[in-house]
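Listed in order, the protein sequences are those of chains A and B.
Okay, so the first sequence: first residue is 1 according to our numbering, each after it adds one.
Okay, so the second sequence: first residue is 1 according to our numbering, each after it adds one.
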Amino acid sequence: MEVAYYPGCSLHQSSQFYDLQTKRIFSELGTKIVEINDWSCCGATSAGKFDDFLAVALPSRNLGIAENAGFTEMLIPCSGCYSSHLMAKTRLRSNETLRSDINAELAFPVKNTIKLLTILELLLEAAKQGKFESKITRQLKGLKPASYYGCMTRFAYDVPVSDNVENPQGMEKILDMLGAETMDWSYKTACCGASAAINDSETAMNLMGKIMKNAVHSGFNCIVTTCPMCQLNLDAYQNTYCNKFGIYERLPVYFITELIGVAMGIPLEELNAHRHFIDTLGLVKELNLI
Amino acid sequence: MTLSALSYNPQTAKSFIDEVIERSHQNLYACYQCRRCASGCTVGEETGITPDYLIRLVTLGDRDAAVDNALVWQCVSCYTCGTRCPNNIQSGRITETLKKMSREEDVIPLNPNIAYFHDAFVQGCTRWGRVNEMEFMGYYELKNIGKHMLSFQFRKAYEEIASQIKLGRSMFKQKRLHLKLHTSRGRKEVKQFYKIAVKKKASLKKERRSQIKNRQE
Chain A
1 MEVAYYPGCS LHQSSQFYDL QTKRIFSELG TKIVEINDWS CCGATSAGKF DDFLAVALPS
61 RNLGIAENAG FTEMLIPCSG CYSSHLMAKT RLRSNETLRS DINAELAFPV KNTIKLLTIL
121 ELLLEAAKQG KFESKITRQL KGLKPASYYG CMTRFAYDVP VSDNVENPQG MEKILDMLGA
181 ETMDWSYKTA CCGASAAIND SETAMNLMGK IMKNAVHSGF NCIVTTCPMC QLNLDAYQNT
241 YCNKFGIYER LPVYFITELI GVAMGIPLEE LNAHRHFIDT LGLVKELNLI
Chain B
1 MTLSALSYNP QTAKSFIDEV IERSHQNLYA CYQCRRCASG CTVGEETGIT PDYLIRLVTL
61 GDRDAAVDNA LVWQCVSCYT CGTRCPNNIQ SGRITETLKK MSREEDVIPL NPNIAYFHDA
121 FVQGCTRWGR VNEMEFMGYY ELKNIGKHML SFQFRKAYEE IASQIKLGRS MFKQKRLHLK
181 LHTSRGRKEV KQFYKIAVKK KASLKKERRS QIKNRQE
């Protein structure tokens with residue numbers, strides 16, 4: 001069965017390699033994902049701070065396009081996009097007049113029937129069907145990844161989300177399957193500050209410093225995430241907030257797709273995994289994983 | 001941080017709390033100040049004000065304090081408060097509502113950068129249908145640096161430019177900056193949504209102004 005795919009703006013720009021990796025990993029697994037036609041920006045959290053109508057209307061356009069193309073499920077790897085689409089779905093369900101107001105402007109009216117999937121849900125689904133077994137060629141021995149979910153995917157807005165909101169386990173399940181050493185830690189759903197890194201940098205550095213401190217103290221040697229915003233923040237500002245908090249260690253911040261790629265034996269250069277600020281290749285080479 | 005004693009304003013309390021409830025879709029009457037949101041609040045340490053206090057301000061009808069405080073602007077919308085609340089109140093939605101209210105009342109934000117950022121983002125994404133990181137960051141920085149220049153804070157402007165150049169250079173090195181313009185062919189629909197939103201905001205602002213005028217008379 002085909003699944004609709006909404007990449008979102010950041011997967012076409014600063015995190016372009018996450019788009020490439022997502023497509024590659026799912027094609028290896030045999031899950032067909034199809035990018036929806038002419039999608040537009042979901043408005044992220046900014047639209048909600050600007051106007052309520054706009055915050056629902058922007059994601060609705062994408063929902064309408066996907067539903068009209070006959071899809072029943074849509075993959076949204078970016079946590080911010082996932083959360084704003086989920087919020088729009090909830091609001092549309094409870095407010096019929098809002099839905100008809102929005103539909104009046106849309107070429108593809110929204111019916112609000114599509115199911116949204118995070119990248120973890122789709123990966124776990126593939127794992128359940130046994131698609132991983134034949135593909136995994138090596139075990140990630142010695143890798144101790146801190147599963148960092150960020151705040152957006154455990155978003156519970158009267159909507160049942162697939163994982164526990166306080167202590168999600170999806171990423172650990174996948175990493176365990178790949179042979180990595182997962183451990184518990186306290187900051188897995190903490191917020192990295194998102195756009196505050198730009199417009200309120202002191203707050204964001206304090207938040208990221210706390211996350212990093214806990215990750216280092218818990219004995220992890222890298223961080224894994226599924227959100228492009230978390231990845232960019234924790235990676236690009238790592239020297240800044242580590243210097244501020246007196247943290248000597250630097251941890252590479254991987255996307256989950258990169259670690260799956262390593263386990264599948266795909267060369268990391270092919271996944272563009274070298275486009276990080278903190279070196280990502282050194283650790284996997286040191287552990288003889290590539 | 002010490003907080004001053006709260007005062008109850010019987011004239012405005014009922015209408016204000018009802019307005020916030022209607023616009024945020026959160027039942028503030030259900031709050032019994034257990035402060036679970038406060039212990040989860042990501043930015044509580046930075047702001048000194050936590051969601052429970054904000055709800056208290058709204059309940060007591062202290063409109064001026066509720067729309068003009070650090071939490072309203074510094075809230076990072078992580079929605080931790082909402083996942084912790086035993087009564088299912090999403091305080092993140094309340095800060096978003098109060099942000100909009102404070103703009104309608106022309107309150108100058110304690111941290112104007114945050115307002116500039118979100119405006120630049122929304123305008124950028126509705127202009128082209130998709131957000132262009134370079135473009136909207138450019139608009140944001142113009143406004144931000146312009147503000148520093150106008151208030152003769154040249155050092156701050158210089159620091160801002162220097163830090164952005166540093167980030168931009170390292171992103172360029174990693175090939176994470178893209179100069180191509182990303183657009184969506186259906187951006188007409190998106191623009192129409194923006195127009196509706198702006199129109200609605202203008203009428204809300206007008207209404208609020210006449211309310212204030214009536215009260216003064």
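For every residue, glycine included, the Cβ atom is placed at its ideal position computed from N, Cα and C.
Helix, strand or coil: which one does DSSP assign to N107(B)? The question names Asn, yet the displayed sequence has Val at residue 107(B). In this structure, V107(B) counts as coil in the three-state DSSP scheme.
Would you call S134(A) buried or exposed, if buried means 16 or more other Cβ atoms sit within 10 Å of its Cβ? exposed
Can we say the region 140–153 of chain B touches the region 104–121 of chain B, given the rule of at least three CB pairs closer than 8 Å? yes
Cβ-based neighbour list, I25(A), same chain, cut-off 6 Å, excluding 5 preceding and 5 following: T257 and I260
Counted within 10 angstroms of its Cβ, other Cβ atoms place E286(A) as buried (16 or more) or exposed: exposed
Every unbroken beta strand (DSSP E) within the region 91–122 of chain A, with a cutoff of 3 residues, ordered by chain: 115–117
Is the Cβ-Cβ distance between C227(A) and P252(A) less than 8 Å? no
Please state whether the Cβ-Cβ distance between R250(A) and Q238(A) is less than 8 Å. yes
To the nearest angstrom, how far is it from the Cα of S102(B) to the Cα of P109(B)? 8 Å
Chain B residues whose Cβ lies nearer than 8 Å to that of V165(A): T83
At the 8 Å Cβ level, is D38(A) part of the contact set with chain B, yes or no? yes
Are C31(B) and N69(B) touching if we call contact CB-CB under 8 Å? no
Does any residue of chain A have a CB that is nearer than 8 Å to the CB of T59(B)? no
Should M74(A) and V161(A) be called a contact, given that it needs their Cβ atoms to be closer than 8 Å? no
Tell me whether C78(B) is buried or exposed, calling it buried when 16 or more other Cβ atoms sit within 10 Å of its Cβ. buried
Am I right that N206(A) and Y187(A) are in contact with their C-beta atoms under 8 Å? What's the rounded C-beta distance? Actually they are not in contact, since the Cβ atoms of N206(A) and Y187(A) sit about 13 Å apart, beyond 8 Å.
Report yes or no: is there a C-beta of chain A within less than 8 Å of the C-beta of C125(B)? yes
Who pairs with I33(A) in a beta bridge, going by DSSP? V3(A)
Only counting the same chain, and skipping five residues up and downstream in sequence, which positions put a Cβ closer than 8 Å to that of C191(A)? G150, C151 and L207
Assign Y53(B) to one of three DSSP states: helix, strand, or coil. helix
Tell me whether F154(B) sits in a helix, a strand or coil according to DSSP, three-state version. helix
Which stretch, first to last residue, makes up the alpha helix (DSSP H) that contains P59(A)? D52 to N68
Residue ranges of each alpha helix (DSSP H) within the region 176–261 of chain A, 4 or longer: 196–199, 201–217, 228–236 and 238–245
Identify the continuous alpha helix (DSSP H) that holds S147(A) and give its terminal residues. Taken as a continuous stretch (DSSP letters only), S147(A) belongs to no alpha helix (DSSP H), being part of the beta strand (DSSP E) at P145 to S147.
Using DSSP bridges, identify the partner residues of L75(A). Y5(A) and L117(A)
Please classify F71(A): is it buried, with 16 or more other beta-carbons within 10 angstroms of its beta-carbon, or exposed? buried
Along chain A, in chain order, which residues have C-beta atoms closer than 8 Å to that of V72(B)? Going along chain A, no residue has its Cβ under 8 Å from V72(B), so there is no contact; the nearest lies around 10 Å.
Chain A partners of E96(B), CB-CB under 7 Å? G48 and K49
Members of the region 167–185 of chain B near chain A, C-beta cut-off 8 Å: L167, S170, M171, Q174, K175, R176, L177, H178, H182, S184 and R185
Assuming L140(A) and Y194(B) make a contact with CB atoms under 8 Å, what is their CB distance in whole Å? Wrong, their Cβ atoms sit about 46 Å apart, outside the cutoff.
CB contact below 8 Å: E46(B) versus chain D: Protein chains in the displayed structure are A and B, and chain D is not among them.
Cβ pair L122(A), T31(A) closer than 8 Å: yes
Using a Cβ-Cβ cut-off of 8 Å, state whether V20(B) counts as contacting chain A. no
Within its chain, find whatever has a CB closer than 8 Å to the CB of R93(B); leave out the 5 residues flanking it on each side and keep chain order. S24, H25, Q26 and G82
Runs of beta strand (DSSP E) lying entirely within the region 43–87 of chain B, each at least 3 residues, in chain order: none
Around the Cβ of S84(A), are there at least 16 other Cβ atoms within 10 angstroms (buried) or fewer (exposed)? buried
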